[in-house]
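First residue of the sequence shown: 6, per the numbering used here; consecutive thereafter.
Where is the CB? At the ideal position from N, CA and C, for every residue including glycine.
A quick note: this is a predicted structure, and the numbers were derived from the prediction, not measured.
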Amino acid sequence: MPEILVTENITGDAMDQLRKKMDVSFEPELWSDPDKLREAIKKVKALIVRNQTQVTDDIISAADELQIIARAGAGLDNIDTKAASNAGIVVSSTPQANSVSVAELAIGLMISLARQIPAADWDTRAGGWNRQVFTGGELSGKTLGVVGFGRIGALTATRAKVFGMNVIAHDDYVDPAAAHVKELDASMVSLDELLAEADFITCHVPLTEGTREMFNAELFGKMKASAFFINTSRGEVVDENALARALQNDQIGGAALDVRQVEPPDAASPLNGLTNVILTPHIAAFTKEAQTRVVDAVCRDVQAVLKGNPAIDFFNFAEPQR
Ligand code: MLT
Numbered sequence: 006m007p008e009i010l011v012t013e014n015i016t017g018d019a020m021d022q023l024r025k026k027m028d029v030s031f032e033p034e035l036w037s038d039p040d041k042l043r044e045a046i047k048k049v050k051a052l053i054v055r056n057q058t059q060v061t062d063d064i065i066s067a068a069d070e071l072q073i074i075a076r077a078g079a080g081l082d083n084i085d086t087k088a089a090s091n092a093g094i095v096v097s098s099t100p101q102a103n104s105v106s107v108a109e110l111a112i113g114l115m116i117s118l119a120r121q122i123p124a125a126d127w128d129t130r131a132g133g134w135n136r137q138v139f140t141g142g143e144l145s146g147k148t149l150g151v152v153g154f155g156r157i158g159a160l161t162a163t164r165a166k167v168f169g170m171n172v173i174a175h176d177d178y179v180d181p182a183a184a185h186v187k188e189l190d191a192s193m194v195s196l197d198e199l200l201a202e203a204d205f206i207t208c209h210v211p212l213t214e215g216t217r218e219m220f221n222a223e224l225f226g227k228m229k230a231s232a233f234f235i236n237t238s239r240g241e242v243v244d245e246n247a248l249a250r251a252l253q254n255d256q257i258g259g260a261a262l263d264v265r266q267v268e269p270p271d272a273a274s275p276l277n278g279l280t281n282v283i284l285t286p287h288i289a290a291f292t293k294e295a296q297t298r299v300v301d302a303v304c305r306d307v308q309a310v311l312k313g314n315p316a317i318d319f320f321n322f323a324e325p326q327r
């Protein structure tokens with residue numbers, strides 16, 4: 006029986022080293038077969054996943070010897086952390102490792118929307134030279150509304166400030182007196198105020214039952230007709246049909262989605278036919294730099310826990326309790 010099970014395509018130098026040193030079963034497609042996963046997890050001591058493996062209560066209850074579930078990435082929505090904690094299993098993730106990359110993509114998508122970069126590129130390749138069409142607008146002087154003002158929201162805001170944007174933010178869990186709120190000179194506002202005032206709205210909330218489909222027809226209806234909406238958090242926080250209708254009816258100015266309600270998305274998605282939306286395939290965290298840090302961190306923490314030492318990036322507790 007292998008000690009460590011990897012159920013997604015998680016590669017890099019640190020993983021190569023881990024595979025040389027320890028008994029690792031590398032099964033990058035196993036995430037797609039829960040029955041096989043249930044069988045394979047029975048005797049392993051560590052599980053390394055990204056966001057596709059659904060580590061449910063049922064899977065956890067089958068894992069008799071599991072000591073650590075290491076998530077290569079930030080979001081923990083695919084892991085039943087309560088069931089893991091109840092079973093005494095450490096859950097670790099790598100929120101520090103990829104946040105800069107996500108913030109940079111959010112800014113990249115904002116500029117792409119403001120300057121219509123993808124559309125200008127397609128048009129020019131097709132033989133156009135339409136300098137009067139692709140005029141766009143500046144970020145400077147505009148208001149950025151950050152929904153979810155944690156680490157990634159704050160890093161995005163820091164970069165937006167450099168572009169001369171005014172930052173407002175909404176987050177039920179952030180104290181308006183928090184250091185990053187002051188440093189960024191951000192105003193914490195209600196969600197309704199943010200939707201009414203922001204020229205760009207960037208979403209950085211985790212997926213929970215409270216945030217699922219929070220961006221619905223009602224919220225899109227409260228945005229400015231010129232507003233650009235950017236989502237690099239979790240696709241399930243957006244009702245895509247409502248967004249498509251808001252874009253079709255020019256209720257908002259445009260949107261950019263790196264994450265989708267279903268991944269990969271349906272080829273028949275109504276968003277595919279719209280010109281005022283930019284779509285990317287959940288790549289925000291997938292820079293070379295971020296992925297090196299992510300894989301280094303999960304391999305480090307798995308080895309630490311299996312040697313009886315604490316994980317550094319632990320989510321629940323550092324050492325296994327079982
Ligand atoms: C994350 O949660 O770290 C990113 O969305 C990338 C991923 O899911 O692996």
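Please state the DSSP three-state secondary structure of asparagine 14.
In the three-state DSSP reduction, asparagine 14 falls in the coil class, being neither helix nor strand.
Does the pairing of the region 65-76 with the region 119-136 give three or more beta-carbon distances under 8 Å?
With contact defined as three or more Cβ pairs closer than 8 Å, the region 65-76 and the region 119-136 are not in contact.
Where the alpha helix (DSSP H) through asparagine 91 begins and ends
Here the alpha helix (DSSP H) through asparagine 91 covers 86-91.
Suppose you measure from the CA of aspartate 82 to the CA of phenylalanine 322; what does that come to, to the nearest Å?
Distance between the alpha carbons of aspartate 82 and phenylalanine 322: 18 Å.
Just checking my contact of aspartate 263 with threonine 237 at CB under 8 Å: how many whole Å lie between their CB atoms?
5 Å between Cβ atoms; contact.
Can we say the region 182-191 touches the region 155-165, given the rule of at least three CB pairs closer than 8 Å?
Short answer: they touch.
Can you tell me which of Gly215, Glu44, Leu199, Leu110 puts its alpha carbon nearest to the alpha carbon of proline 286?
Per the C-alpha coordinates, the member of Gly215, Glu44, Leu199, Leu110 positioned closest to proline 286 is Leu110.
The ligand MLT and asparagine 14: does any heavy atom of the ligand fall closer than 6 Å to the residue's C-beta?
Remark: the C-beta of asparagine 14 is outside contact range of the ligand MLT, defined as less than 6 Å to any heavy atom.
Alpha-carbon to alpha-carbon, alanine 316 and isoleucine 2
Here the chain covers residues 6 to 327 and nothing more, so residue 2 does not appear.
Given the structure, does alanine 79 come close to the ligand MLT, in the sense that its CB is under 6 Å from one of the ligand's heavy atoms?
Indeed, a heavy atom of the ligand MLT lies less than 6 Å from the Cβ.
Using 6 Å as the cut-off, classify the Cβ of alanine 108 as near or not near the heavy atoms of the ligand MLT, replying yes or no.
Incorrect: alanine 108 has no Cβ contact closer than 6 Å to the ligand MLT.
Are valine 106 and alanine 302 touching if we call contact CB-CB under 7 Å?
Residue identity differs from the one stated: residue 106 is serine in this sequence, not valine. Result no, Cβ atoms of serine 106 and alanine 302 do not sit closer than 7 Å.
At a cut-off of 6 Å, is asparagine 83 close to the ligand MLT when judged by its beta-carbon and the heavy atoms of the ligand?
Asparagine 83: no, Cβ never under 6 Å from the ligand MLT.
In three-state terms, what does DSSP make of glycine 150?
In the three-state scheme derived from DSSP, where H, G and I count as helix and E and B as strand, glycine 150 is classed as strand.
Would you decide whether glycine 150 is buried or exposed? Buried here means 16 or more other CB atoms lie within 10 Å of its CB.
When all chains shown are included, glycine 150 counts as buried.
Does the beta-carbon of threonine 213 have 16 or more other beta-carbons within 10 angstroms, so that it is buried, or is it exposed?
Looking at its Cβ environment, which holds fewer than 16 other Cβ atoms inside 10 Å, threonine 213 is exposed.
Counting only the same chain and skipping the five closest in sequence on each side, list residues whose C-beta sits under 6 Å from that of leucine 118.
These residues qualify, in order along the chain: Phe233, Gly259, Ala261.
Return the CA-CA distance between lysine 293 and isoleucine 157, expressed in angstroms with no decimal places.
Rounded to whole angstroms, lysine 293 to isoleucine 157 spans 18 Å at the Cα level.
By how many angstroms is the C-alpha of glycine 153 removed from the C-alpha of alanine 247?
So the two alpha carbons sit approximately 21 Å from each other.
Between which two residues does the beta strand (DSSP E) containing leucine 252 stretch?
Unbroken run through leucine 252 is the alpha helix (DSSP H), 245-253; no beta strand (DSSP E).
How would you label glutamine 121, buried or exposed, when you count the other beta carbons within 10 angstroms and need 16 or more for buried?
Buried, by the Cβ-count rule.
What do you reckon, are the CB atoms on cysteine 304 and leucine 52 nearer than 7 Å?
With contacts defined as CB atoms closer than 7 Å, cysteine 304 and leucine 52 fail to qualify as a contacting pair.
Answer yes or no: the CB of arginine 217 versus the heavy atoms of the ligand MLT, is any distance below 6 Å?
Within 6 Å of the C-beta of arginine 217 there is not a single heavy atom belonging to the ligand MLT.
Would you report the Cα separation of tryptophan 36 and glutamine 59, rounded to the nearest angstrom?
So the two alpha carbons sit approximately 7 Å from each other.
Is it the case that the CB of alanine 302 approaches a heavy atom of the ligand MLT more closely than 6 Å?
For the ligand MLT, not one heavy atom lies less than 6 Å from the Cβ of alanine 302.
Determine whether the beta carbon atoms of isoleucine 74 and valine 96 lie at a separation below 7 Å.
Taking 7 Å as the cut-off, the beta carbon of isoleucine 74 is found closer than this to the beta carbon of valine 96.
Spatial neighbours of alanine 92 within its chain, please: C-beta separation below 6 Å, excluding the five flanking residues on both sides.
Cβ neighbours of alanine 92 beyond the five flanking positions: Ile65.
Look at the Cβ atom of methionine 219, then the Cβ atom of valine 242, and state whether they are nearer than 7 Å.
Taking 7 Å as the Cβ cut-off, methionine 219 and valine 242 qualify as a contacting pair.
With DSSP as the reference, label leucine 200 as helix, strand or coil.
Reduced to three states, the DSSP call for leucine 200 is helix.
Are there any heavy atoms of the ligand MLT lying less than 6 Å away from the beta-carbon of asparagine 56, as far as the coordinates show?
Flag set: Cβ of asparagine 56 near the ligand MLT.
Whole-angstrom Cβ separation of threonine 99 and glycine 78, contact assumed at under 8 Å?
Indeed, because the Cβ distance is near 6 Å, the residues count as touching under 8 Å.
Determine whether the beta carbon atoms of glycine 17 and threonine 297 lie at a separation below 7 Å.
Yes, Cβ-Cβ distance for glycine 17 and threonine 297 is below 7 Å.
Per DSSP, cross-strand counterpart(s) of valine 96
Valine 96 is bridged to Ile74.
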